[in-house]
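Chemist:
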Amino acid sequence: MSDQTAKWVRRFIIFFIILLSLLLLAWLFPYYDHIIIIIGRILLPFVLALVLSLLLHPLVNLLEETGISRPLAILLIFLVFFSLVSLGIYKGYPRLLTQVRLLSEQVPALTESYQGWTKQLYAQTERFPDGIHKKLDGSFSDFEEWISTKLMNLLTSLTGIFDMVFLVAVIPVMTFYFLKDYQMIGRSLMTLLPVSWHDEAVRLSRELSHSLGGYIRGQLLISLFVGALASLGFWLVDLPYALILGIIAGITNIIPYFGPLLGAVPVLIVAATISVNMLIFSLLVVLVIQVLEGNLLSPYIMGRSIHIHPLVIIFALLAGGELAGIPGLILAVPVLTCLKVIVSEVHKGRIHIDR
Numbered sequence: 001m002s003d004q005t006a007k008w009v010r011r012f013i014i015f016f017i018i019l020l021s022l023l024l025l026a027w028l029f030p031y032y033d034h035i036i037i038i039i040g041r042i043l044l045p046f047v048l049a050l051v052l053s054l055l056l057h058p059l060v061n062l063l064e065e066t067g068i069s070r071p072l073a074i075l076l077i078f079l080v081f082f083s084l085v086s087l088g089i090y091k092g093y094p095r096l097l098t099q100v101r102l103l104s105e106q107v108p109a110l111t112e113s114y115q116g117w118t119k120q121l122y123a124q125t126e127r128f129p130d131g132i133h134k135k136l137d138g139s140f141s142d143f144e145e146w147i148s149t150k151l152m153n154l155l156t157s158l159t160g161i162f163d164m165v166f167l168v169a170v171i172p173v174m175t176f177y178f179l180k181d182y183q184m185i186g187r188s189l190m191t192l193l194p195v196s197w198h199d200e201a202v203r204l205s206r207e208l209s210h211s212l213g214g215y216i217r218g219q220l221l222i223s224l225f226v227g228a229l230a231s232l233g234f235w236l237v238d239l240p241y242a243l244i245l246g247i248i249a250g251i252t253n254i255i256p257y258f259g260p261l262l263g264a265v266p267v268l269i270v271a272a273t274i275s276v277n278m279l280i281f282s283l284l285v286v287l288v289i290q291v292l293e294g295n296l297l298s299p300y301i302m303g304r305s306i307h308i309h310p311l312v313i314i315f316a317l318l319a320g321g322e323l324a325g326i327p328g329l330i331l332a333v334p335v336l337t338c339l340k341v342i343v344s345e346v347h348k349g350r351i352h353i354d355r
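So the sequence shown is numbered by UniProt numbering: it starts at 1 and just counts up by one.
Listed below in structure tokens is the structure:
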């Protein structure tokens with residue numbers, strides 16, 4: 001068999017496997033929800049441990065270069081890292097719990113204030129023509145239904161997460177072995193590939209580790225800054241539940257572009273039920289933080305992590321949100337980063353598809 005014929009045979013086999021995979025995915029479509037939930041529960045601790053290992057890997061290498069053995073370097077970093085996390089939980093958890101209790105007690109009052117605010121706004125629109133008034137009325141109803149649905153989905157997701165709290169004890173152990181035995185794990189995975197692919201696989205894994213690890217570390221660091229600045233800013237303007245709202249702003253900031261908007265919604269809702277001045281001050285805090293994040297933090301921290309046009313990122317976010325909701329929005333850019341590295345390696349001729 002000639003080389004050209006062998007290439008076409010391999011292409012046909014690859015095409016057949018892809019087609020068979022698509023048919024299998026189409027056949028499993030009615031069971032996606034159950035399958036995704038099962039896979040998510042199984043993979044969640046592995047994903048979290050992998051993310052932690054990517055965060056701590058540069059520090060471990062830095063200590064290892066000073067002559068400290070890798071296991072001891074990992075244990076030292078674990079001691080410092082988890083001590084800081086435990087201290088933060090110890091100091092912040094009582095305040096967070098107090099604010100959650102106060103917020104739960106104030107929900108009826110906030111709801112009443114929100115309803116009074118919407119009634120006033122609705123009354124102001126009665127002077128509009130009937131067609132416009134009906135459209136605005138429908139828009140208010142759709143918005144309230146959307147908020148209610150999103151909140152219920154969020155609560156359901158949080159309930160599922162809290163049901164898996166016992167796995168938290170496993171994650172540090174898995175992270176330790178990811179950091180300690182990453183070379184052995186890499187060699188084991190390499191045995192699954194043909195020998196002729198090893199050099200390309202090593203180069204690709206290094207590029208993926210550099211780009212993906214840099215993105216994750218940068219994004220989490222920026223979110224930490226945003227959460228801290230938001231909590232401080234809301235506390236300075238005397239906005240209630242500043243710690244809760246700051247944590248929400250930091251978590252949602254993980255999602256590029258759309259995250260700050262999602263994090264600002266509960267802030268503005270709480271502020272609007274208090275006073276117009278509080279709404280203005282809260283909005284100013286949100287805007288100042290986003291200016292700082294967009295012009296100082298992101299360019300400095302994330303500048304060398306990914307080089308992807310914003311339109312491509314927005315397209316990936318829309319696709320991820322449509323396919324998997326909030327998890328899809330969070331995973332969209334990491335997946336896009338991996339695809340960008342792979343395409344770049346193929347374009348540079350470092351990965352040869354035809355063999």
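Every residue gets a Cβ at the ideal spot worked out from N, C-alpha and C, and that includes glycine.
Given the structure is predicted, the values throughout are model-derived calculations rather than measurements.
Within the same chain, show all residues whose beta-carbon is closer than 8 Å to that of I216, passing over the 5 residues directly before and after it, in chain order.
Modeler: The residues are V51, L54, L55 and P334.
Chemist: For T98, count neighbouring Cβ atoms within 10 angstroms of its own Cβ and tell me buried if that reaches 16, exposed if not.
Modeler: Per the 10 Å Cβ criterion, exposed.
Chemist: Using a 10 Å radius around the Cβ and a threshold of 16 neighbouring Cβ atoms, would you call residue 363 buried or exposed?
Modeler: Residue coverage of the chain in this structure runs from 1 to 355, which leaves residue 363 outside it and unanswerable.
Chemist: Are the CB atoms of I255 and L329 nearer to each other than 7 Å?
Modeler: Contact flag set, yes.
Chemist: Mark A169 as exposed unless 16 or more other C-beta atoms lie within 10 angstroms of its C-beta, in which case mark it buried.
Modeler: Exposed, because fewer than 16 other Cβ atoms sit within 10 Å of the Cβ of A169.
Chemist: Considering only the alpha carbon of each residue, which of K180, V291 and G214 lies closest to V341?
Modeler: Out of K180, V291 and G214, G214 has the C-alpha closest to the C-alpha of V341.
Chemist: So, for I247: in the same chain, excluding its five sequence neighbours on each side, which residues have a beta-carbon less than 8 Å away from its beta-carbon?
Modeler: Counting only Cβ-Cβ distances below 8 Å, and skipping sequence neighbours, we find L96, G227 and S231.
Chemist: What first and last residue would you give for the alpha helix (DSSP H) that runs through H198?
Modeler: It spans H198 to L236 - the alpha helix (DSSP H) in which H198 sits, taken as one unbroken run.
Chemist: Out of Y241, V265, S196 and L229, state which residue places its alpha-carbon closest to the alpha-carbon of residue 361.
Modeler: This structure does not reach residue 361, given that the chain is present from 1 up to 355, and the question cannot be answered.
Chemist: In angstroms with no decimal places, state the Cα-to-Cα distance between L318 and I68.
Modeler: If you take the alpha carbons of L318 and I68, they lie about 46 Å apart.
Chemist: Just to confirm the assignment, what range does the alpha helix (DSSP H) spanning G259 have?
Modeler: G259 -> alpha helix (DSSP H) spans F258 to A272.
Chemist: Taking DSSP as the reference, what is the three-state secondary structure of N295?
Modeler: Reduced to three states, the DSSP call for N295 is helix.
Chemist: Buried or exposed: which applies to L155, given that a residue is buried once 16 or more other Cβ atoms fall within 10 Å of its Cβ?
Modeler: A caution first: L155 carries a pLDDT of 48, below 50, which makes its placement in the model too unreliable to give a value.
Chemist: If you count every other CB in all the chains shown that lies within 10 Å of the CB of E293, and 16 or more means buried, which is it?
Modeler: Its Cβ being crowded by 16 or more others within 10 Å, E293 is buried.
Chemist: Have a look at S21 and G320 and give me their C-alpha separation to the nearest angstrom.
Modeler: Their Cα atoms are separated by approximately 20 Å.
Chemist: Given this structure, state the Cα-to-Cα distance separating F162 from F16, to the nearest angstrom.
Modeler: Because F162 sits at a pLDDT of 47, beneath the cut-off of 50, its placement in the model cannot be relied upon, and the following sentence gives the value as read from the coordinates. Rounded to the nearest angstrom, the two C-alpha atoms are 42 Å apart.
Chemist: What residues in its chain sit with their C-beta under 8 Å from that of V276, if we drop five residues either side in the sequence?
Modeler: For V276, where only same-chain residues beyond five positions count, there are no Cβ hits under 8 Å.
Chemist: Between which two residues does the alpha helix (DSSP H) containing P172 stretch?
Modeler: V170 to K180 is the extent of the alpha helix (DSSP H) around P172.
Chemist: Among the residues of its own chain, which have a CB less than 7 Å from the CB of E64, if the five just before and after it don't count?
Modeler: Excluding residues within five positions, the ones whose Cβ falls inside 7 Å are R70 and A73.
Chemist: Compare the beta carbon distance of T252 and L268 with 7 Å and say whether it is the shorter of the two.
Modeler: No, they are not a contact pair.
Chemist: Determine the burial state of V270: buried for a count of at least 16 other Cβ atoms within 10 Å of its Cβ, exposed for fewer.
Modeler: By the neighbour-count rule (16 or more Cβ atoms within 10 Å), V270 is buried.
Chemist: Would A264 pass as a contact of V286 if the rule is Cβ separation under 7 Å?
Modeler: Result yes, Cβ atoms of A264 and V286 sit closer than 7 Å.
Chemist: Using a Cβ-Cβ cutoff of less than 7 Å, which residues in the same chain neighbour L279 once the five nearest sequence positions on both sides are dropped?
Modeler: Taken in chain order, the residues that qualify are L268, A271 and A272.
Chemist: Note down, in chain order, each residue of its chain lying with its Cβ closer than 8 Å to the Cβ of F281, except the 5 sequence neighbours on either side.
Modeler: Taken in chain order, the residues that qualify are V237, L239 and A271.
Chemist: So I313 and L283 are in contact, right, with Cβ under 8 Å, and what is the actual spacing, rounded?
Modeler: So it is not a contact: roughly 25 Å between Cβ atoms.
Chemist: Short of 6 Å in beta carbon distance, which residues of its chain neighbour G160, apart from the five on each side in sequence? Order them along the chain.
Modeler: Any answer about G160 is weak, because its pLDDT of 49 lies below 50 and its placement is not dependable; what the coordinates show is given next. Cβ within range, chain order: n/a, list empty.
Chemist: If I measure Cβ to Cβ from A201 and keep anything under 7 Å in the same chain, skipping five residues before and after, which residues do I get?
Modeler: Once the five neighbours on either side are set aside, the close Cβ partners of A201 are M190 and L193.
Chemist: Using the Cα positions of I222 and W8, report the straight-line distance between them to the nearest angstrom.
Modeler: Distance between the alpha carbons of I222 and W8: 48 Å.
Chemist: On the premise that F46 lies in contact with M174, defined as a C-beta separation below 8 Å, what is that separation, rounded to the nearest angstrom?
Modeler: Going by Cβ atoms, the distance from M174 to F46 rounds to 7 Å, so yes, they are a contact pair.
Chemist: In the region 28 to 89, which residue ranges form an unbroken beta strand (DSSP E) of at least 3 residues, counting only runs that do not cross its ends?
Modeler: Fully enclosed beta strand (DSSP E) runs of 3 or longer: not present.
Chemist: Can you give me the C-alpha to C-alpha distance between H309 and L220, rounded to a whole angstrom?
Modeler: Approximately 21 Å, taken between the alpha carbons.
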